[in-house]
Amino acid sequence: MTDFHNKYSVLQDFFGHSQFRNGQEQIIDSILAGRDCLGVMPTGAGKSMCYQIPALMFDGITIVVSPLISLMKDQVNSLIQSGVRAAYLNSSLTAAQYEMAISNAARGMYKIIYVAPERLMTGSFLSLASSVKISMLAVDEAHCVSQWGQDFRPSYMKIPEFLGKLPYRPIVSAFTATATAEVKADIIKMLELRDPFTITTGFDRKNLYFGVSHPHDKYSETVRIVEKYKDNCGIIYCSTRKNVESVCEKLCADGYNASRYHAGLSDEERRKNQDDFIFDRVQVMVATNAFGMGIDKSNVSYVIHYNMPKNIESYYQEAGRAGRDGNEAKCILFYSGQDVATNKFLINNSHDNPDLDDDTLEMIRKRDLMRLKKMTDYCNTSGCLREFILGYFGEKQDKPCQNCSGCLGDFGETEEVDVSVDCQKVLSCIYRLHQRNLSFGAGVIAQILKGSDSEKVKRFDLSTLSTYGIMKDSTQVYIRRLIAFLEADDYITQTSHGDFSVLTLTRRSAEILMDKKTITIRLPKKKPKSETVTKIGRDEVTTFDKELFGRLRAVRSKLATQASLPAYIILTDASLRDMCIKLPKTQTELLNISGVGKSKQERYGRYFVAEIQKYLKENPDAASGYKYIPEGYLQKQNAVGGQSTKEYIIAHAGELSGKEQDMTLSEVCDSIFYQLGTDGDIRSIKLAIKEWLIGENYLAKDGANGRGFLETTILSPEAGIIEREKISQLGNSYKTILFPKQAQEFIFENIEEILSKDAQNS
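For what it's worth, this note's numbering labels the leading residue of the sequence shown as -8, then goes sequentially.
Now the structure itself:
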């Protein structure tokens, strides 16, 4: 039986953990001692447990103020599964449901109640709060109370007023993942915390890889990453609804299981698409920043920012939705100069909050421009990206992390280049236009410098400018990047000119034009065409049994469907991996698994134990907890990459067999690796098979659509390959190539020729 006076007993019995994480115990002890608290902890560090454990140990009710409905639902569902009596009060409830919840709370049926800040000052909630014992008020996402925070919510400012209406003041605790020193001070002031215990456990998420890429083709780079992690869930953030629609439609047409989320969709479609992602019915969510704040999905393996966010706070919060299960995850940001211009335009035209006076609005606008400058600096830094982020939040790192593109050069080596002369050319071009009383945007400026004969250049006789064609040997991409850099550093600025934005000089322009300033930026190092970049971050070989892991996931999926809950609320992937390593054979042994408390053991334990026992009976040699891989194979693979993978597949091709279901080419490659129990570069194997099929005329590239899709040929039936028409989520039809059992076995029979030929060509 749980000892509610013992925090360790509560931790183990309800949450399935034997020890606290960094900072949790200090916060819990301070709260139990009756002290207000402010905890700044990175996403995934266990902030919620800091108030949930004291809530279970206190006599009264704990009220948790939370900003989003989806976040409340997730937290309450998770607590109920852990055996905690909890409820939420928000606008998603019907009037009857709301009254029932209020009535139950008044009768002491709940230990924890989540409430939206807008509900605090309603008559029914104030009546409840005045009639029950409230031991603590916990404020989640506390940065929302600060005007200096990235998600300011005026309704949070009502919290002190609510506290003032209670018969007595409870303990107040506040938690956030992203807060500068300025924001922390504002939280303490606005929430009127009394002598709070304040702790910042560190902003570092060591399991996250950070990368910045400057791709010529963002969509192609997106597909490369999605394909590499196609069996995992990921989020792709875009700055506009238009980009969301475009990227999602392309991914669906290319055969990926993607959905979309933005404010332009109906409430019903947003809810459905969000649930599809949470319940693993779709693997890729393409969204604006309207998505994610209330999502506590633990198994997101990558987050791509298709466009640069406006500030590091937003970026780190959104990127932090990856890797919440503690496993390695990738956070990739695509940078382009246009992103800077777009964000600056939005900042200059979006401050119309009726709750704030003009002076405050102007102060916020200048602050946002300063933050945009820091975000741009991050995208162009030559050093460690993690060091840059942590430094922004006031935290120092002893040495470079060796887990970011800055340290590893994953997107190609870069070098510091003096671009002072080229910057002078850009500024001179703008100056010469001003002499003619002309102004244009970045696109036309780049055309003039490049020496383009575009329609606008001809119409305004711009080829007669002295700066026309003076950068003809440079690419448009390079020129636009210089313009973006100059704008970000306030050497030029955008001003409105009718319906358009044009570039003009600033006071700082003279520093460059008069040769008083040396300008250097980080640019990709030129390298031979034969060199290619094939990795993103450190890909460590896992040592748990993937077959058992898949079977346990299937058990979890069935239980989640029966309970109408997301799979990760039943048990996280981290818990399933721990089972694969420890192989618990009894219900009692299951309590040694991270994340399995008494409630989950009693509800679900027998199903997982039964599956493990069944698996061990079928695989008596699996007691080590991971699949056998030939000695020396992993070391060889790590040393020479994909080539050893090909040799290994060729040597074991006789073990491969076709499956009954129709598969895509990606799924065929997954099947190869799964059957042989290996890890490696799936993408290179897929490419080799595809090129061989095209070379032997079993498939062809469809040139008509201009995008290189595959289509069947007259020889496809001989190989068993078929073509099927499908409908995307957006209602558009597209064709997909499928490989039934016959086609799979055709590939396996020819795998030696396929991979040997590819090795010779490479």
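Each residue gets a CB set at the ideal place from its N, CA and C atoms; glycine is no exception.
The beta strand (DSSP E) enclosing residue i, as first and last residue numbers
| i | result |
| --- | --- |
| residue 227 | 224 to 228 |
| residue 373 | Counting along the chain, residue 373 falls outside any beta strand (DSSP E), and DSSP gives it neither H nor E. |
| residue 832 | Since the displayed the chain opens at -8 and closes at 753, residue 832 lies outside it and no answer follows. |
| residue 188 | 188 to 191 |
| residue 128 | 125 to 130 |
| residue 114 | Element bounds for residue 114: not the beta strand (DSSP E) but the alpha helix (DSSP H), 114 to 122. |
| residue 56 | 52 to 56 |
Three-state secondary structure assigned by DSSP to residue i
| i | result |
| --- | --- |
| residue 549 | helix |
| residue -1 | helix |
| residue 541 | helix |
| residue 631 | With a pLDDT of 34 at residue 631, under the threshold of 50, the modelled position of this residue cannot be trusted; read the value that follows with caution. Helix. |
| residue 584 | coil |
| residue 353 | helix |
| residue 392 | coil |
| residue 75 | coil |
| residue 292 | strand |
| residue 164 | strand |
| residue 730 | strand |
| residue 605 | helix |
| residue 278 | strand |
| residue 103 | strand |
| residue 507 | coil |
| residue 590 | helix |
| residue 156 | coil |
| residue 32 | coil |
Distance between residue j and residue i (C-alpha atoms, nearest Å)
| i | j | result |
| --- | --- | --- |
| residue 377 | residue 202 | 10 Å |
| residue 729 | residue 297 | 29 Å |
| residue 624 | residue 361 | Note on residue 624: pLDDT 36, under 50, position unreliable in the model; the coordinate value appears next. About 51 Å. |
| residue 15 | residue 195 | 16 Å |
| residue 453 | residue 337 | 30 Å |
| residue 178 | residue 41 | 18 Å |
| residue 104 | residue 52 | 7 Å |
| residue 282 | residue 510 | 38 Å |
| residue 480 | residue 364 | 7 Å |
| residue 115 | residue 48 | 27 Å |
| residue 710 | residue 651 | 16 Å |
| residue 33 | residue 382 | 15 Å |
| residue 487 | residue 493 | 6 Å |
| residue 7 | residue 200 | 28 Å |
| residue 482 | residue 349 | 26 Å |
| residue 391 | residue 375 | 6 Å |
| residue 144 | residue 239 | 30 Å |
| residue 359 | residue 301 | 8 Å |
| residue 478 | residue 72 | 52 Å |
| residue 469 | residue 412 | 14 Å |
| residue 570 | residue 131 | 32 Å |
| residue 608 | residue 659 | 28 Å |
| residue 601 | residue 271 | 24 Å |
| residue 175 | residue 561 | 34 Å |
| residue 769 | residue 209 | One cannot answer for residue 769 here, as it falls past the ends of the chain, which runs -8 to 753. |
| residue 288 | residue 277 | 15 Å |
| residue 11 | residue 313 | 22 Å |
| residue 742 | residue 680 | 8 Å |
| residue 94 | residue 366 | 48 Å |
| residue 19 | residue 273 | 38 Å |
| residue 125 | residue 151 | 15 Å |
| residue 525 | residue 484 | Here residue 525 scores only 39 on pLDDT, less than 50, and its place in the model should not be relied on; the value that follows carries that caveat. Distance between the alpha carbons of residue 525 and residue 484 is about 38 Å. |
Residues bridged to residue i (per DSSP)
| i | result |
| --- | --- |
| residue 171 | Partner(s): none; residue 171 has no beta bridge. |
| residue 514 | 406 |
| residue 200 | 321 |
| residue 312 | Answer by DSSP bridge pairing: none, since residue 312 is not bridged. |
| residue 767 | The chain is shown only over -8 to 753; residue 767 falls outside these bounds and no answer can be derived. |
| residue 740 | For residue 740, which the question treats as bridged, DSSP gives no partner whatsoever. |
| residue 703 | 690 |
Start-to-end residues for the alpha helix (DSSP H) that takes in residue i
| i | result |
| --- | --- |
| residue 12 | Counting along the chain, residue 12 falls outside any alpha helix (DSSP H), and DSSP gives it neither H nor E. |
| residue 382 | 376 to 383 |
| residue 38 | 38 to 48 |
| residue 213 | 209 to 219 |
For residue j and residue i, believed in contact at Cβ under 8 Å, the rounded distance
| i | j | result |
| --- | --- | --- |
| residue 184 | residue 163 | 6 Å |
| residue 689 | residue 675 | Contact flag wrong, Cβ pair sits at about 19 Å. |
Short CB-CB distance (under 8 Å) between residue i and chain C
| i | result |
| --- | --- |
| residue 426 | Absent from the structure is chain C; it holds one protein chain and no more. |
Residue i Cβ short of 7 Å to the ligand NAD heavy atom set
| i | result |
| --- | --- |
| residue 652 | Summarising the ligand content, the structure contains no ligands, and the ligand NAD is consequently not present. |
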